[in-house]
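Trainee:
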Amino acid sequence: MKTVRSCPVRKFLFFAFVVGYAVACPLLILYALGYIVQPSGEELRRTGGIFVASIPPGASLSLDGKPYPSKSPVAMLQLRPGPYRLRLDLHGYRSWEERVSVGPGRVTLLDSLLLVPVHRTYAEVAPDWFLDMIPAPGYPYVILTKGTGVRDVVVYDIPGSRFISVIDGRFTLRNALVTGCLTVGGSADFLLETVNRASLGTLRVRIQRPRAMVQNLTEVLPAQFEDPQWTVGSPEVIFSYNGSSVDRTNARTGTVTRGIVTQVSGYGLDERWLYAISWQRHLLRFDLEKQTRQDFSRFDWAVEDFPLGRFVSVRPVGADLILLWSKGGRLTAAGPAFRENATAIRGYQADSHTGRVLLWQARRLAIIEQHAGASAPALQWLDVDAKDVQQACFVTESTNILYRDGNSIFLASRLQDREWRVSMVATARLGTSMYYAEREGKLYYIDPETGRLFTTVIVPRQQILDLIVQQLRQGSGH
Amino acid sequence: MEVPFSPHPADVRVRRLERFFELVPALLSATVIVGMLVVLAVQPVIAALITIAFVLSWLFRMVYSNILLTWSFLRLRAERGTDWMERLQALGELSNRTGERWAEPAAPARGRRLSERVYRRDAQKLLAAGIVPPPVQDVYHVVIIPIASEKRAVFEPGVAAIAAGSFPASSILLILAVEQRASEQVKRDAKEVEERYRESFLGLIVAFHPDGVPGEARVKGANATHAARAAAAFLRARAITFENVVISCFDADTVASPQYFACLTYHFLICSDRTRASFQPVPVYLNNLWEAPAFARVLDMGSSFFQLMEAGNPEKLVTFSSHSMSFAALVDVGYWPVDMVSDDSAIYWKAFLHFKGRYRVVPLPVTVSMDITQGETWWKTIISVYKQKRRWAWGVESFPIVMTAFILTKGIPLLTRLKQGYRLLQTHLSWATWPFLLGVMSWLPAVFISLGNTHSVVRYSEPRILSTLYNVALFGFLLYAFLSQLFVPRELGKGRMGKRIAHSLQWLLVPVVSLLFGAIPALDAQTRLLLGKRLEFWVTGKQRKPALRAEKAGEGGKPSIPS
Numbered sequence: 005m006k007t008v009r010s011c012p013v014r015k016f017l018f019f020a021f022v023v024g025y026a027v028a029c030p031l032l033i034l035y036a037l038g039y040i041v042q043p044s045g046e047e048l049r050r051t052g053g054i055f056v057a058s059i060p061p062g063a064s065l066s067l068d069g070k071p072y073p074s075k076s077p078v079a080m081l082q083l084r085p086g087p088y089r090l091r092l093d094l095h096g097y098r099s100w101e102e103r104v105s106v107g108p109g110r111v112t113l114l115d116s117l118l119l120v121p122v123h124r125t126y127a128e129v130a131p132d133w134f135l136d137m138i139p140a141p142g143y144p145y146v147i148l149t150k151g152t153g154v155r156d157v158v159v160y161d162i163p164g165s166r167f168i169s170v171i172d173g174r175f176t177l178r179n180a181l182v183t184g185c186l187t188v189g190g191s192a193d194f195l196l197e198t199v200n201r202a203s204l205g206t207l208r209v210r211i212q213r214p215r216a217m218v219q220n221l222t223e224v225l226p227a228q229f230e231d232p233q234w235t236v237g238s239p240e241v242i243f244s245y246n247g248s249s250v251d252r253t254n255a256r257t258g259t260v261t262r263g264i265v266t267q268v269s270g271y272g273l274d275e276r277w278l279y280a281i282s283w284q285r286h287l288l289r290f291d292l293e294k295q296t297r298q299d300f301s302r303f304d305w306a307v308e309d310f311p312l313g314r315f316v317s318v319r320p321v322g323a324d325l326i327l328l329w330s331k332g333g334r335l336t337a338a339g340p341a342f343r344e345n346a347t348a349i350r351g352y353q354a355d356s357h358t359g360r361v362l363l364w365q366a367r368r369l370a371i372i373e374q375h376a377g378a379s380a381p382a383l384q385w386l387d388v389d390a391k392d393v394q395q396a397c398f399v400t401e402s403t404n405i406l407y408r409d410g411n412s413i414f415l416a417s418r419l420q421d422r423e424w425r426v427s428m429v430a431t432a433r434l435g436t437s438m439y440y441a442e443r444e445g446k447l448y449y450i451d452p453e454t455g456r457l458f459t460t461v462i463v464p465r466q467q468i469l470d471l472i473v474q475q476l477r478q479g480s481g482h
Numbered sequence: 003m004e005v006p007f008s009p010h011p012a013d014v015r016v017r018r019l020e021r022f023f024e025l026v027p028a029l030l031s032a033t034v035i036v037g038m039l040v041v042l043a044v045q046p047v048i049a050a051l052i053t054i055a056f057v058l059s060w061l062f063r064m065v066y067s068n069i070l071l072t073w074s075f076l077r078l079r080a081e082r083g084t085d086w087m088e089r090l091q092a093l094g095e096l097s098n099r100t101g102e103r104w105a106e107p108a109a110p111a112r113g114r115r116l117s118e119r120v121y122r123r124d125a126q127k128l129l130a131a132g133i134v135p136p137p138v139q140d141v142y143h144v145v146i147i148p149i150a151s152e153k154r155a156v157f158e159p160g161v162a163a164i165a166a167g168s169f170p171a172s173s174i175l176l177i178l179a180v181e182q183r184a185s186e187q188v189k190r191d192a193k194e195v196e197e198r199y200r201e202s203f204l205g206l207i208v209a210f211h212p213d214g215v216p217g218e219a220r221v222k223g224a225n226a227t228h229a230a231r232a233a234a235a236f237l238r239a240r241a242i243t244f245e246n247v248v249i250s251c252f253d254a255d256t257v258a259s260p261q262y263f264a265c266l267t268y269h270f271l272i273c274s275d276r277t278r279a280s281f282q283p284v285p286v287y288l289n290n291l292w293e294a295p296a297f298a299r300v301l302d303m304g305s306s307f308f309q310l311m312e313a314g315n316p317e318k319l320v321t322f323s324s325h326s327m328s329f330a331a332l333v334d335v336g337y338w339p340v341d342m343v344s345d346d347s348a349i350y351w352k353a354f355l356h357f358k359g360r361y362r363v364v365p366l367p368v369t370v371s372m373d374i375t376q377g378e379t380w381w382k383t384i385i386s387v388y389k390q391k392r393r394w395a396w397g398v399e400s401f402p403i404v405m406t407a408f409i410l411t412k413g414i415p416l417l418t419r420l421k422q423g424y425r426l427l428q429t430h431l432s433w434a435t436w437p438f439l440l441g442v443m444s445w446l447p448a449v450f451i452s453l454g455n456t457h458s459v460v461r462y463s464e465p466r467i468l469s470t471l472y473n474v475a476l477f478g479f480l481l482y483a484f485l486s487q488l489f490v491p492r493e494l495g496k497g498r499m500g501k502r503i504a505h506s507l508q509w510l511l512v513p514v515v516s517l518l519f520g521a522i523p524a525l526d527a528q529t530r531l532l533l534g535k536r537l538e539f540w541v542t543g544k545q546r547k548p549a550l551r552a553e554k555a556g557e558g559g560k561p562s563i564p565s
């Protein structure tokens, strides 16, 4: 019988492929795990790598003085464990050089590495003189004042590149003094607290391009109110604290519902829930849509040793992190398996999307975030050698931070997990704030010499989309 | 114990075993896909390493298969100018010289060397073995063309091609096996074709297969069996011995190349165990090449290439679509299964079990041309293609029967049982899972590792290694693009440069079509088997434009042959 099995060439070919695979497969897997054979000692060693993604991309790289063939972003693999001198060069930007350590089987991440321009360009936005800039993190406009009165408040519309006056000359409270300004991140509304002939007032300002709509809420809001808050979805519904309970005011209808939650020492909102701390030290949660109370006892222990008597702001960050902040500067960050207490906290910024929190004292900054493989978030203090931190905000997620120390504005860039590098970005007029427009990647501040509004690019606009794509590719964890 | 080749055995023990094996393909496929997802979620680094090992094995297989493909293609091309009738004559002379040494002929012309070398090798073996094949004039062919609802324009070119072929039609009995339930128009068409071609053949019978015969399902195998029984009666009446008869069961749209029956006869005669063999031509889908959309073209071109690969490795070859076999073997095994959809592969397994593993498929270096599945609209084409591929994948229905028989039947060596069982299972498992693993899941480990926020070096090395492996695999696709150009006959390709370029570029669709028309129909078929929802035969949509018919008529009804 003519059998096909007897074809020796095919048989040889088949077994050659089987043997080839049996040899190649383990080698390839070892290679994937980082193992290489050292030509010198002929020993198998496990290597590591460095992932570099610069902003802007396209920077040339060199490792220990030797040029690397690819440009950033790139994963440099098969590096022997140990320290390396990594250098990034990009025309128009300062060279970036740091000592980076590589561990066996691990990749050191240098993600969203912001390169500093050689000549940072500072642009004057308008030839007008401004007294101050009101800090409004997350607010989509820059709020500026030219004096102390309500009529001196203007809003700078960044996409439209124009100034919008908050009130016109006929407004009755135009001569009132502004004592405070309250914003909610993402909302186009803000509240101005005013004093007019010894009487306190509140104005609600809503920006509807190209003009501002102002509503006098003085007669509408309860006589005694503290820490007003609202949601982005329903800005006309303003919640406030009156010393023992939370009231709700509908600015459109002028109706006030008193005591929607009573016997509480603090509260906070997100888009759906109202959180409050009861006098019995329970953390309560109310569904704003269904008007029902939800069981939230799993966080009770977070408030156990929190000093009551002062107003406590409650801020949920994602599903598993709650921030409690009293105006005395005490901050508790608590999760199911995590609690951190800190004092003398001047302010914080929480990113619900990533679950990260940036907080600052006078001399240092800290980040609360969940690290790789950890079951709970951790608080990490940043060694930035500051003296009087007034403001801080994330730039490009948590890899870069802008902060104002006195009148100097700095950019802190994360090198490795616990190392940061600080570079000065600008000097603002003493006592004035800064504003970082995340969508445009621009910093706004008031120039100390001219008193005019200046801007400088922190993240080049064309890179913002790349950054989003890159972050999506790298996963939300970085 | 003899296990009947049927999905409905009477014996309870057999039925239980078959039911168990009916669950295996779907459960294994689901385990592979879901298991990989679980490993991805729990241990993405492990998943990345598994993926690398798998993609590397796929690449090795691809390279190995492409070598076989190239060899089979060269063989096919080497035989394109072969006059098989001349070879048959030479074989007749050879019959008188058994035991002699084959005289080395003068060096053959360039381009004919491979063909001549294979021919000499075959002849030497025959002489050395002292085997005397029967005279060519004693060999008869029976050709069955089952028709359910196909139009005359679909099946008539096939009849014309057989009549016009190089092998004398006077030795061919042609049976148009028409379903009794077919429309009156179809029956009329069959009768008209009978009238037109009757004189050309040894006999041309229109056999109407009655509907609703007890024990039969509405499947092509039942119709073909009915026709084969009619053929047996015809042959017996003329005292023609079944051992010298080759039967071919063609799809209605099959157009055999002019040399097909001569080539088949030659291979039948030189086959030492010709009554224990099937003969598999290379199916090519050229009848409506330029009318079918690219995704349908690439699928059918892919199945042609698959058959060529299998032809290079006949140990694994199983009959597919239009094929031929010894009529004596067919009668011995009890004809085609009458209650199974996938009669083409089922008859191989039925014969394999009946002859205790001493049955094989001989690849033929000749083509039969068929239609690419096509509907009236794009959407209907998609549905038709999907249903056709699901029907092909329904070949999995043979698996439980074969496995049960392997367990209960004695006489087949254990190693053969293990090898064949593994191959059958592996074919259906890879059909259902590989497109998922290669096209979708191979890119997921890096994403899952990222979500775990790990700094593992595998996160970066895995995509890099996979990119390299896939880039190497691109050379395989370049080979397909190149060979698919050579498959298009000169007369079909003339003046159609744009279409020819698209014909090569269509291979870019492979990742998508292999998923949509490969893995998903296969999973569908396996799930049906698991749930006991059996398929019945569904006639694939075939469309021919009038213009093409005219063009074919202008060629004298000759079939398309790859250049």
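Chains H and C, in that order, give the protein sequences. Positions 5 to 482 (my numbering) are the ones given, in order, by the first sequence. Positions 3 to 565 (my numbering) are the ones given, in order, by the second sequence. Where is the CB? At the ideal position from N, CA and C, for every residue including glycine.
(1) Nearest to A209(C) by CA position, among V195(C), S202(C), P216(C), is which residue?
(2) What are the boundary residues of the beta strand (DSSP E) that T1(C) is part of?
(3) Is the separation between the beta-carbon of L81(H) and that of Y66(C) shorter than 9 Å?
(4) Can you tell me whether W73(C) is buried or exposed, with buried defined as 16 or more other CB within 10 angstroms of its CB?
(5) Taking the C-alpha atoms as reference points, what is the distance between L511(C) and F489(C)?
(6) Are there 16 or more other CB atoms within 10 angstroms of the CB of V460(C), so buried, or fewer, so exposed?
(7) Taking the C-alpha atoms as reference points, what is the distance between L369(H) and G359(H)?
(8) Over the uninterrupted beta strand (DSSP E) stretch that includes P30(H), give me the two end residues.
(9) Ignore the nearest five residues each way along the sequence and tell me which others in L471(C)'s own chain have a CB closer than 7 Å to its CB.
(10) Within 9 Å of any Cβ in chain H, is that where the Cβ of R347(C) sits?
(11) Which word fits S74(H), buried or exposed, when buried means at least 16 other C-beta atoms lie within 10 angstroms of its C-beta?
(12) Here's the rule: buried if 16 or more other CB atoms are within 10 angstroms of the residue's CB, otherwise exposed. What is Q374(H)?
(13) Under the assumption that N404(H) contacts L114(H) (Cβ atoms under 8 Å), give the Cβ distance between them as a whole number of angstroms.
(14) I'd like the list of long-range same chain contacts for V26(C), defined as Cβ closer than 6 Å, with 5 residues on each side in sequence excluded.
(15) Cα-Cα, which of V265(H), I413(H), L186(H) is closest to T431(H)?
(16) In the DSSP assignment, what residue or residues form a beta bridge with D193(H)?
(17) Determine whether the Cβ of L17(H) lies closer than 9 Å to any Cβ atom of chain C.
(18) Give the secondary structure of H95(H) by DSSP, where H, G and I count as helix, E and B as strand, and everything else as coil.
(19) Quick one: residues in its chain with C-beta nearer than 7 Å to the C-beta of D253(C), no 5 flanking neighbours on either side, listed in chain order?
(20) Quick one: list the residues of chain C neighbouring L406(H), beta-carbon separation under 7 Å, in chain order.
(21) For the putative contact between L287(H) and D304(H), defined by C-beta atoms under 8 Å, what is the C-beta separation to the nearest angstrom?
(22) Assign W133(H) to one of two classes, buried (16 or more other C-beta atoms within 10 Å of its C-beta) or exposed (fewer than that).
(23) Does V284(C) have its Cβ less than 9 Å from a Cβ in chain H?
(24) Would you say P6(C) faces chain H, with C-beta separation under 9 Å as the test?
(25) List the residues that DSSP assigns as beta-bridge partners of A370(H).
(26) Using only alpha-carbon positions, find the residue among S458(C), L78(C), Q126(C), E4(C) that is nearest to V106(H).
(27) Among the residues of its own chain, which have a CB less than 6 Å from the CB of W351(C), if the five just before and after it don't count?
(28) Considering only the alpha carbon of each residue, which of A416(H), A390(H), P121(H) lies closest to D409(H)?
(29) Under 9 Å, Cβ to Cβ, is there at least one residue of chain H near E194(C)?
(30) Comparing alpha-carbon positions, which option in L386(H), T51(H), L135(H) lies nearest T436(H)?
(31) Who are the near neighbours of R566(C) in its chain, counting only those whose CB is closer than 6 Å to its CB and skipping five residues on each side?
(32) Is the Cβ of V65(C) closer than 9 Å to any Cβ of chain H?
(33) Under three-state DSSP, which class holds V316(H)?
(34) In chain order, what are the residue ranges of uninterrupted alpha helix (DSSP H) at least 4 long that sit wholly in the segment 305-388 of chain C?
Mentor: This is what the structure gives:
(1) Along the second sequence, read from residue 1 onward, the residue named residue 209(C) stands at position 207. The shortest C-alpha separation from A209(C) is found at V195(C).
(2) In the structure displayed, chain C extends from 3 to 565; residue 1(C) sits before or after that span and is not available.
(3) In the first sequence, the residue the question calls residue 81(H) occupies position 77. In the second sequence, the residue the question calls residue 66(C) occupies position 64. Taking 9 Å as the Cβ cut-off, L81(H) and Y66(C) do not qualify as a contacting pair.
(4) Indexing the second sequence from 1 puts residue 73(C) at position 71. Looking at its Cβ environment, which holds 16 or more other Cβ atoms inside 10 Å, W73(C) is buried.
(5) Numbered from its first residue, the second sequence carries residue 511(C) at position 509. Numbered from its first residue, the second sequence carries residue 489(C) at position 487. The alpha-carbon atoms of L511(C) and F489(C) are separated by roughly 19 Å.
(6) If you number the second sequence from 1, residue 460(C) lands on position 458. Label assigned to V460(C): buried.
(7) Counted from its first residue, the first sequence places residue 369(H) at position 365. Counted from its first residue, the first sequence places residue 359(H) at position 355. L369(H) and G359(H) have their C-alpha atoms roughly 17 Å apart.
(8) Position 26 of the first sequence, counted from the first residue, corresponds to residue 30(H). From DSSP, P30(H) is part of no beta strand (DSSP E) but of the alpha helix (DSSP H) over 12-36.
(9) Residue numbering aside, residue 471(C) sits at position 469 when the second sequence is read from its first letter. The residues are V57, L58, L61.
(10) Mapped onto the second sequence, residue 347(C) falls at position 345. The sequence given here has Ser at residue 347(C), not Arg. For S347(C), the answer is no, since every Cβ of chain H falls outside 9 Å of its Cβ.
(11) As a working note, residue 74(H) is residue 70 in the first sequence. With fewer than 16 other Cβ atoms inside 10 Å of its own Cβ, S74(H) counts as exposed.
(12) If you number the first sequence from 1, residue 374(H) lands on position 370. Flag for Q374(H) reads buried.
(13) Position 400 of the first sequence, counted from the start, is the residue given in the question as residue 404(H). Position 110 of the first sequence, counted from the start, is the residue given in the question as residue 114(H). Contact doesn't hold; Cβ gap of about 12 Å is too wide.
(14) Counting from one through the second sequence, the residue named residue 26(C) turns up at place 24. Excluding sequence neighbours, V26(C) sits near nothing in its chain.
(15) In the first sequence, counting from the first residue as 1, residue 431(H) sits at position 427. Comparing Cα positions, the closest option is I413(H).
(16) Locating residue 193(H) in the first sequence gives position 189, counting from the first residue. BP columns for D193(H) point to R210(H).
(17) Within the first sequence, residue 17(H) is the residue found at index 13, counting from 1. Chain C has a Cβ within less than 9 Å of the Cβ of L17(H).
(18) As a first step, residue 95(H) must be located in the first sequence, where it is residue number 91. DSSP places H95(H) in coil when its eight states are reduced to three.
(19) Residue mapping note: residue 253(C) aligns to position 251 of the second sequence, counting from 1. Only S323, S324, M372 meet the Cβ criterion.
(20) On the first sequence, position 402 is the one that residue 406(H) refers to. Simply none; closest approach about 24 Å.
(21) As a working mapping, residue 287(H) is identified with position 283 in the first sequence. As a working mapping, residue 304(H) is identified with position 300 in the first sequence. The C-beta distance from L287(H) to D304(H) rounds to 6 Å, short enough to fall under 8 Å.
(22) Translated into the one-based positions of the first sequence, residue 133(H) becomes position 129. W133(H) is exposed by the Cβ-count criterion.
(23) Sequence index remark: in the second sequence, residue 284(C) carries index 282 (1-based). No, because no Cβ of chain H sits closer than 9 Å to the Cβ of V284(C).
(24) Along the second sequence, read from residue 1 onward, the residue named residue 6(C) stands at position 4. When Cβ-Cβ separations below 9 Å define contact, P6(C) makes no contact with chain H.
(25) Residue numbering aside, residue 370(H) sits at position 366 when the first sequence is read from its first letter. Bridge partners of A370(H): L363(H), W385(H).
(26) Counting from one through the first sequence, the residue named residue 106(H) turns up at place 102. Ranking the options by Cα distance to V106(H), first place goes to S458(C).
(27) In the second sequence, residue 351(C) corresponds to position 349, counting from 1. Closer than 6 Å at Cβ, skipping near neighbours: S400, V404.
(28) Taking the first sequence and counting its residues from 1, the one referred to as residue 409(H) is at position 405. Comparing Cα-Cα distances from D409(H) to each of A416(H), A390(H), P121(H), the minimum goes to A390(H).
(29) The count along the second sequence starts at 1 and reaches residue 194(C) at position 192. At a cut-off of 9 Å between beta carbons, E194(C) makes no contact with chain H.
(30) On the first sequence, residue 436(H) is found 432 positions in, with the first residue counted as 1. Answer by Cα proximity: L135(H).
(31) Any property of residue 566(C) remains undetermined from this structure, which presents chain C solely from 3 to 565.
(32) Taking the first residue of the second sequence as 1, we reach residue 65(C) at position 63. Yes, its Cβ sits closer than 9 Å to a Cβ of chain H.
(33) Residue numbering aside, residue 316(H) sits at position 312 when the first sequence is read from its first letter. DSSP places V316(H) in strand when its eight states are reduced to three.
(34) The segment 305-388 of chain C contains these whole alpha helix (DSSP H) runs: 329-335, 345-356.
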